[in-house]
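Asker:
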Amino acid sequence: MIPLAEIKRLAAGERIPLGTVERDYVICWFLYGVSKIATQDLIFKGGTALRKTYFPLWRFSEDLDFSSRKTMEEEEIESLLKSVNEKALKGGIVFDIKSLHVNPEYCMGKIYYTGPLQTKNSFKLDISMNEFLHERYLSREVLWEYSDKEKVGILVYSLEEILAEKLRSLLQRGKSRDYYDIWTLLGAHRKDINMKTTRQIFKKKCRHLSVPFNGVDDFFDADALAETERFWERGLAHQIDELPGFDTVIGECKSLVEIVFGRQ
Numbered sequence: 026m027i028p029l030a031e032i033k034r035l036a037a038g039e040r041i042p043l044g045t046v047e048r049d050y051v052i053c054w055f056l057y058g059v060s061k062i063a064t065q066d067l068i069f070k071g072g073t074a075l076r077k078t079y080f081p082l083w084r085f086s087e088d089l090d091f092s093s094r095k096t097m098e099e100e101e102i103e104s105l106l107k108s109v110n111e112k113a114l115k116g117g118i119v120f121d122i123k124s125l126h127v128n129p130e131y132c133m134g135k136i137y138y139t140g141p142l143q144t145k146n147s148f149k150l151d152i153s154m155n156e157f158l159h160e161r162y163l164s165r166e167v168l169w170e171y172s173d174k175e176k177v178g179i180l181v182y183s184l185e186e187i188l189a190e191k192l193r194s195l196l197q198r199g200k201s202r203d204y205y206d207i208w209t210l211l212g213a214h215r216k217d218i219n220m221k222t223t224r225q226i227f228k229k230k231c232r233h234l235s236v237p238f239n240g241v242d243d244f245f246d247a248d249a250l251a252e253t254e255r256f257w258e259r260g261l262a263h264q265i266d267e268l269p270g271f272d273t274v275i276g277e278c279k280s281l282v283e284i285v286f287g288r289q
C-alpha cells in the first residue's frame with residue numbers, strides 16, 4: 026500500500042478530493058485481483074475502463090462495471106470476489122463485499138475497503154449478465170500511476186463498444202457522466218473510433234434490450250436533460266478538476282453524436 030503522503034501529493038496536484046484519489050488507487054488493486062483469478066468471463070467496461078486502460082487523464086470514477094459472458098449464481102460470484110480479495114491482499118488492501126444483489130440479469134454490490142486514508146470507503150460494483158457482447162474484446166494493461174505499480178492486463182471493451190453502450194444508456198437513464206464521457210470521447214478521441222462499427226453495436230445493444238431509438242433527438246429529451254442538469258455539479262465536480270458547463274457539453278455533444286449517425 027502506498028503512503029498517505031503520496032495520496033495527498035497527487036490529490037493536491039489534481040485538485041481532487043483525497044478520497045477520490047484513494048479510490049482510484051484502490052481500484053488498481055481490485056483489477057489486479059481480477060487479473061489473477063484467470064477468468065475470461067468478466068469484461069471491463071464503462072468510464073472507469075476508459076480511465077484505467079485507455080486514457081490516464083480521463084475523469085476519476087467511483088464504480089466498476091463489467092459484463093459477464095455467462096450467467097452466474099450468487100454463490101459463484103461470491104466465490105469469485107473472495108478470490109479477487111485474496112489476490113489483492115498483496116497490496117495490503119482488504120475488500121469487504123456488502124449489499125450483494127444478484128439476479129439472472131445483473132449483480133450489484135458495494136465493495137468496502139480501508140486504504141491509505143485509514144477510513145472505510147467504498148465503490149460500487151456492477152456486473153451485467155444480460156448484455157449483448159460484440160465479442161471483440163481487447164487485453165489492455167491497467168494504467169497504474171502509483172509508486173507500487175504492478176503490471177496488470179485485463180480484458181476490456183473496445184472504444185466502439187464503450188461508446189455504443191454509453192449511447193444506449195442515454196436512452197435508458199441519461200446520467201451526467203454518460204453525456205460527459207460521450208462528449209469527451211467524440212471531441213478528443215474520435216479518430217480512434219470506427220463510427221460504422223459503433224453504430225452497428227449500438228443498434229444490436231438497443232435491439233437486445235428492446236430499447237427504442239428513432240433518431241439523435243432521442244438522446245436529448247428535454248425532461249431527461251433537466252434532470253441531468255440538476256445533478257451536473259454533484260455528479261461530476263469531485264471527479265474533474267475543471268468541470269465544463271452543462272450547456273457547453275450538451276450543445277457540443279449533439280453535434281458530435283450526429284457525426285456518429287452520419288448526419289455530418
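Residue numbers (this note's numbering): 26 to 289.
The beta carbon of each residue, even a glycine, is placed where N, CA and C say it ideally should be.
#1: Tell me whether PRO237 is buried or exposed, calling it buried when 16 or more other Cβ atoms sit within 10 Å of its Cβ.
#2: Count the other CB atoms within 10 Å of the CB of PHE256; is the residue buried (16 or more) or exposed (fewer)?
#3: Tell me, to the nearest whole angstrom, how far the beta carbon of THR45 is from that of PHE80; I am working on the premise that it is less than 8 Å.
#4: What does the alpha-carbon distance come out to for the pair CYS278 and GLU111?
#5: Could you check the C-alpha separation between TYR205 and ARG259 for me, to the nearest Å?
#6: Our contact map puts TRP54 next to ILE118 with C-beta atoms below 8 Å; I'd like the distance itself, whole angstroms only.
#7: According to DSSP, THR139 sits in a beta bridge with which residue or residues?
#8: Once you ignore the five residues that flank GLU156 on each side, which residues in its own chain have a CB closer than 7 Å to its CB?
#9: What does LYS230 pair with, by DSSP beta-bridge criteria?
#10: Quick one: what's got a C-beta closer than 7 Å to GLU175's C-beta in the same chain, skipping five residues either side?
#11: So, do the region 266-273 and the region 171-191 have three or more beta carbon pairs nearer to each other than 8 Å?
#12: Look at TYR162 and LEU180 and say whether their C-beta atoms are less than 7 Å apart.
#13: Give me the Cβ distance between ILE52 and PHE120, rounded to the nearest whole Å; I'm assuming they're in contact under 8 Å.
#14: With which residues is ASP88 paired in a DSSP beta bridge?
#15: Would you grab the beta carbon distance between GLN154 and TYR131 for me? Rounded to a whole angstrom, and I think it's under 8 Å.
#16: Mind checking SER280: buried by the 16 CB within 10 Å criterion, or exposed?
#17: How about LYS123 and TYR137: do their beta carbons lie closer than 7 Å?
Answerer: In short:
#1: So PRO237 counts as exposed.
#2: Exposed, because fewer than 16 other Cβ atoms sit within 10 Å of the Cβ of PHE256.
#3: Between THR45 and PHE80 a beta carbon distance of about 17 Å is seen, past the 8 Å cut, so the two are scored as non-contacting.
#4: Those two C-alpha atoms are separated by around 42 Å.
#5: Rounded to whole angstroms, the separation of the alpha carbons of ARG259 and TYR205 is 13 Å.
#6: Indeed they touch by this definition, with Cβ atoms about 5 Å apart.
#7: In the DSSP secondary-structure assignment, THR139 is bridged to LYS145.
#8: Within the same chain, Cβ atoms closer than 7 Å to the Cβ of GLU156 are found at SER92, the five residues on either side in sequence being excluded.
#9: In the DSSP assignment, LYS230 forms no beta bridge with any residue.
#10: Excluding sequence neighbours, GLU175 sits near TYR57 and TRP169.
#11: Taking 8 Å as the limit for Cβ pairs, the verdict is that the region 171-191 does not touch the region 266-273.
#12: Yes, Cβ-Cβ distance for TYR162 and LEU180 is below 7 Å.
#13: Contact doesn't hold; Cβ gap of about 11 Å is too wide.
#14: Looking at the DSSP assignment, ASP88 forms a beta bridge with LYS149.
#15: For the record, residue 154 in the displayed sequence is Met; it is not Gln. Confirmed, Cβ separation roughly 6 Å.
#16: Using a 10 angstroms sphere on the CB of SER280, the tally of other CB atoms stays under 16, which defines it as exposed.
#17: Yes, the Cβ-Cβ distance between LYS123 and TYR137 is below 7 Å.
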